[in-house]
Ligand code: ASP
Ligand code: MG
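Printed below as a string of structure tokens:
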């Protein structure tokens with residue numbers, strides 16, 4: 008019997024009314040003869056509320072206790088959903104992560120799943136029950152509750168789907184799929200029927216926050232077909248229609264060869280650029296500049312080292328805007344003092360825009376088309392970086408939306 012995992016986000020679980028709708032939808036699938044495991048998030052706003060209370064007590068509460076606290080949000084959700092299913096006459100049972108058990112490491116607030124025991128869930132499903140498992144949490148070797156990081160229920164759902172060998176993992180959310188770009192920026196943005204997991208990984212890491220990035224990695228590593236679809240439709244729409252809706256994250260070999268060159272445009276508004284000028288060009292210099300930044304837990308993204316002149320060179324790199332001040336502090340201490348850098352300059356008003364698509368592998372001229380489009384709009388490119396399926400440019404923040412719109416049009420993304 009085919010098994011599906013359904014994941015419902017915080018908005019989908021946001022009120023008793025919505026939980027009742029989720030129950031109706033789940034019951035519809037079960038009535039159609041499928042085995043169903045549901046992995047819900049906490050009700051919207053709940054995780055923030057819980058963590059907020061801890062932060063009222065002290066600035067940096069102990070991570071273990073934070074996980075103990077935050078994990079309760081999902082425990083409420085699973086019980087309420089189970090009760091809502093009972094009210095519809097369905098046999099359902101809810102479990103917290105430790106009851107399954109979902110085993111994790113002990114990196115509290117950012118734990119990783121190590122294994123999932125499928126025995127109990129399998130037994131319940133075979134007995135005709137709908138099984139509901141808390142998202143976001145597991146248990147470490149010592150029996151402590153550990154959470155997977157914000158947005159972690161997506162990862163829980165895909166991991167459960169992998170462990171249960173589900174036919175598909177359905178991620179029900181408040182958007183109806185993955186778009187060519189953010190529809191708030193480009194009104195002509197189009198929903199994609201499929202996207203490869205590699206493209207999804209690039210888009211997620213570039214700021215399209217539909218799914219927690221780790222869930223996409225999981226789906227890719229274990230080849231779990233994962234679909235993003237709306238939970239806000241009428242729960243009683245025909246199952247066939249629902250099962251084919253949204254966006255399927257698929258695998259490159261499974262999609263047809265006639266790929267468009269570009270699949271989507273991703274952007275990240277909140278970038279910052281730092282330039283270290285006039286450091287000696289010698290072995291170890293990149294490490295001496297970027298090492299202390301990494302030690303301060305800042306993720307460096309694009310990096311350029313200039314051609315050296317008279318034995319001196321310059322470094323430019325980007326960091327998330329929220330880490331800009333901290334990074335400048337670190338560099339002013341280390342690069343200034345140890346390396347005698349001539350100056351350290353920063354610009355915290357830059358944004359990154361990227362074109363993404365596996366079709367790039369078989370199409371030429373994507374980069375030149377991108378650069379021409381930007382030049383026609385008079386947009387100056389500050390930095391460029393590329394991967395096999397992505398070209399990113401760093402530009403002045405005030406041109407970001409213009410760039411996204413122009414590129415969306417240039418690559419005909421509004422056309423199916
Ligand atoms: N409730 C958790 C959060 O708000 C996990 C999730 O929603 O995926 O981050
Ligand atoms: Mg989410």
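Numbering (the working numbering), first residue to last: 8 to 423.
Glycine included, each C-beta is placed from N, C-alpha and C at the ideal position.
Other residues of its chain near residue i: CB distance less than 7 Å, five sequence neighbours each side excluded
i, result
"residue 122", "110"
"residue 26", "20, 87, 88, 91"
"residue 4", "In the structure as shown, the chain starts at 8 and stops at 423, and residue 4 therefore has no counterpart that could be examined."
"residue 389", "280, 357, 401, 402"
"residue 35", "242, 243, 246"
"residue 288", "315, 318, 319, 320"
"residue 82", "103, 141"
"residue 404", "276, 356, 357, 358"
"residue 427", "Past the edges of the chain, shown from 8 to 423, lies residue 427, and the structure says nothing about it."
"residue 376", "417"
Straight-line gap, residue i to residue j (C-alpha atoms, nearest Å)
i, j, result
"residue 317", "residue 349", "14 Å"
"residue 410", "residue 421", "15 Å"
"residue 243", "residue 49", "23 Å"
"residue 324", "residue 197", "33 Å"
"residue 367", "residue 158", "30 Å"
"residue 355", "residue 331", "7 Å"
"residue 71", "residue 150", "11 Å"
"residue 311", "residue 228", "31 Å"
"residue 78", "residue 313", "48 Å"
"residue 28", "residue 58", "28 Å"
"residue 24", "residue 93", "15 Å"
"residue 408", "residue 208", "22 Å"
"residue 11", "residue 250", "11 Å"
"residue 240", "residue 178", "14 Å"
"residue 328", "residue 256", "30 Å"
"residue 326", "residue 96", "53 Å"
"residue 347", "residue 120", "45 Å"
"residue 344", "residue 336", "12 Å"
"residue 138", "residue 44", "5 Å"
"residue 136", "residue 116", "31 Å"
"residue 132", "residue 84", "20 Å"
"residue 55", "residue 238", "22 Å"
"residue 63", "residue 51", "20 Å"
"residue 396", "residue 363", "6 Å"
Distance cut-off 7 Å: residue i Cβ against heavy atoms of ligand 1
i, result
"residue 142", "yes"
"residue 114", "no"
"residue 180", "no"
"residue 129", "no"
"residue 111", "no"
"residue 161", "yes"
"residue 119", "no"
"residue 54", "yes"
"residue 81", "yes"
"residue 157", "yes"
"residue 101", "no"
"residue 385", "no"
"residue 17", "yes"
"residue 226", "no"
"residue 48", "yes"
Buried/exposed call for residue i, threshold 16 Cβ in 10 Å
i, result
"residue 400", "buried"
"residue 298", "exposed"
"residue 394", "exposed"
"residue 275", "buried"
"residue 99", "buried"
"residue 15", "buried"
"residue 382", "exposed"
"residue 47", "buried"
"residue 369", "exposed"
"residue 53", "buried"
"residue 172", "exposed"
Closer than 8 Å to chain B by CB, residue i
i, result
"residue 304", "No chain B is present in this structure, which holds just one protein chain."
Own chain, CB closer than 6 Å to residue i, minus 5 neighbours either side, in chain order
i, result
"residue 118", "111, 112, 153, 155"
"residue 415", "188, 193, 272"
"residue 8", "42"
"residue 105", "146"
"residue 412", "193"
"residue 169", "229, 231"
Contacts around residue i, its chain only, beta-carbon distance under 8 Å, and the 5 residues preceding and following it disregarded
i, result
"residue 61", "68, 72, 73, 76"
"residue 333", "303, 305"
"residue 201", "254, 255, 256, 257, 262"
"residue 384", "406, 409, 410, 413"
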